[in-house]
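Asks: The structure follows.
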Amino acid sequence: MDSAGEEVNDGKITLEGFSVAARAFADKWKRHNLLFPPWSWVSLINRTLLKKEEGYLSLEKIIILTSLEESAEEESVDVTADWSEKEEADDHTVLVQNVEDEAHYYDYHIVYSASYMVPMLYFRGYSSDGKPLTMDVIKKDLPSSSVSLLLESKWTFITQEEHPYLNRPWFKLHPCGTEEWIKLLSQSSNSAGCQMSIELYLVSWFSVVGQVVGLRIPLEMLI
């Protein structure tokens, strides 16, 4: 069944809806984030439901930049990518560095959770030699607002577990509260006279989730 054009009512999304929403999200990201590499769709074979498309979105080799001109209370994080078209960083920005003055790289995957029926954000950090970063190191790379959100929010916390497709340990933003706050976003849209479509599901979701790991989306993507 084609899920395109469907509306979000209860905060959940089907596997087919996730595929539609993922492509819409990737398309909007590509059109409105020209300085970043695109999210890529990684297709998978569903061995139990061969007629259903399965896959996940991938954004990899991202470097986080921290502004030196802002105070600790107003700390923010900018993001760039390790790709050939990347322009040189401005004088007021530096690559996030560890004690050995090596850049920290980040990979992000948006994966569908069949048990929660919502998307999940998996991510990992690593140094230039491929050595994984611990959560303590990753927290130092995040903006202070993200660390505060992780400490204070009842809906947001990070755990480490095996990646469902790569069979390696990755961190993930736990999805236990996703259905509830997506439903609130949907109800808010309904109150404003418009309804959240499946195509905007991942855009709306990432506008919240992305901030936790220092990735923000332009407002144009929400239109």
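Position one of the sequence shown corresponds to residue 2 (the working numbering), numbered consecutively onward.
Positions of the beta carbon are idealized from the N, C-alpha and C atoms, including for glycine.
1) What is the rounded straight-line gap between the Cα of leucine 60 and the Cα of arginine 32?
2) Distance, Cα to Cα, leucine 216 vs proline 144?
3) If you follow the alpha helix (DSSP H) that glutamate 153 is part of, which residue opens it and which one closes it?
4) For the region 125 to 132 and the region 179 to 186, state whether three or more C-beta atom pairs, one from each stretch, are separated by less than 8 Å.
5) Quick check on the DSSP output: what are the complete alpha helix (DSSP H) runs of length 4 or more inside the region 11 to 67, in order along the chain?
6) Compute the distance between the beta-carbons of isoleucine 64 and tyrosine 106, then report whether it is under 9 Å.
7) Any C-beta of chain B sitting closer than 9 Å to the C-beta of isoleucine 139?
8) Going by DSSP, name the residue or residues bridged to glutamine 161.
9) In three-state terms, what does DSSP make of glycine 246?
10) Let me know the secondary structure DSSP gives methionine 121 once reduced to three states.
11) Identify, in the order they occur along the chain, each residue of the same chain with its Cβ nearer than 6 Å to the Cβ of leucine 186, setting aside the five sequence neighbours on each side.
12) Return helix, strand or coil for serine 128, following the three-state DSSP convention.
13) May I ask which residues mark the beginning and end of the beta strand (DSSP E) holding isoleucine 111?
14) Just to confirm before moving on: does the CB-CB distance between phenylalanine 207 and isoleucine 111 stay below 9 Å?
15) Here's the rule I'm using: 16 or more other beta-carbon atoms within 10 Å means buried, otherwise exposed. How should arginine 169 be labelled?
16) Alpha carbon to alpha carbon, how far is glutamate 200 from leucine 152?
17) So, for arginine 24: in the same chain, excluding its five sequence neighbours on each side, which residues have a beta-carbon less than 8 Å away from its beta-carbon?
18) Roughly how many angstroms lie between the CA atoms of glycine 12 and serine 116, to the nearest whole one?
19) Using DSSP with H/G/I as helix, E/B as strand and the rest coil, what is aspartate 79?
20) Would you report the Cα separation of glutamate 55 and aspartate 137, rounded to the nearest angstrom?
21) How many angstroms separate the CA atom of alanine 27 from the CA atom of tyrosine 57?
22) By the 10 Å Cβ neighbour count, where 16 or more other Cβ atoms means buried, how is leucine 223 classified, buried or exposed?
23) Tryptophan 40 to valine 148, Cα distance in whole Å?
Replies: Let me spell this out:
1) On the sequence shown, position 59 is the one that residue 60 refers to. On the sequence shown, position 31 is the one that residue 32 refers to. Roughly 15 Å separates the two Cα atoms.
2) Along the sequence shown, one-based indexing puts residue 216 at 215. Along the sequence shown, one-based indexing puts residue 144 at 143. The alpha-carbon atoms of leucine 216 and proline 144 are separated by roughly 10 Å.
3) For the purposes of this step, residue 153 is identified with residue 152 of the sequence shown, where counting begins at 1. Unbroken alpha helix (DSSP H) run through glutamate 153: 145 to 153.
4) no
5) 16 to 33
6) Taking the sequence shown and counting its residues from 1, the one referred to as residue 64 is at position 63. Taking the sequence shown and counting its residues from 1, the one referred to as residue 106 is at position 105. Contact flag set, yes.
7) No chain B is part of this structure, which consists of one protein chain only.
8) Position 160 of the sequence shown, counted from the first residue, corresponds to residue 161. Answer is Phe172, bridged to glutamine 161.
9) Only positions 2 to 224 of the chain appear in this structure, which leaves residue 246 out of reach.
10) As a first step, residue 121 must be located in the sequence shown, where it is residue number 120. Strand, per DSSP.
11) Against the sequence shown, residue 186 aligns to sequence position 185. Contacts found: Ser205.
12) The count along the sequence shown starts at 1 and reaches residue 128 at position 127. Strand, per DSSP.
13) Within the sequence shown, residue 111 is the residue found at index 110, counting from 1. Per DSSP, isoleucine 111 belongs to the beta strand (DSSP E) from 105 to 114.
14) Working through the sequence shown from its first residue, we reach residue 207 at position 206. Working through the sequence shown from its first residue, we reach residue 111 at position 110. Result yes, Cβ atoms of phenylalanine 207 and isoleucine 111 sit closer than 9 Å.
15) The sequence position of residue 169 within the sequence shown is 168, counting from 1. It counts as exposed.
16) Here residue 200 refers to the residue found at position 199 of the sequence shown. Here residue 152 refers to the residue found at position 151 of the sequence shown. Rounded to whole angstroms, glutamate 200 to leucine 152 spans 31 Å at the Cα level.
17) In the sequence shown, the residue the question calls residue 24 occupies position 23. Excluding residues within five positions, the ones whose Cβ falls inside 8 Å are Trp42.
18) Position 11 of the sequence shown, counted from the first residue, corresponds to residue 12. Position 115 of the sequence shown, counted from the first residue, corresponds to residue 116. One C-alpha to the other measures close to 14 Å.
19) Counting from 1 along the sequence shown, the entry for residue 79 is found at position 78. Caution applies to aspartate 79, whose pLDDT of 49 falls short of 50 and renders its modelled position unreliable; the value that the coordinates give is listed next. If DSSP states are grouped into helix, strand and coil, aspartate 79 belongs with the strands.
20) Counting from 1 along the sequence shown, the entry for residue 55 is found at position 54. Counting from 1 along the sequence shown, the entry for residue 137 is found at position 136. Approximately 33 Å between the Cα atoms of the pair.
21) Looking up residue 27 in the sequence shown gives position 26. Looking up residue 57 in the sequence shown gives position 56. So the two alpha carbons sit approximately 11 Å from each other.
22) Within the sequence shown, the letter at position 222 stands for residue 223. Leucine 223 is exposed by the Cβ-count criterion.
23) In the sequence shown, residue 40 corresponds to position 39, counting from 1. In the sequence shown, residue 148 corresponds to position 147, counting from 1. Each residue's alpha carbon lies about 25 Å from the other.
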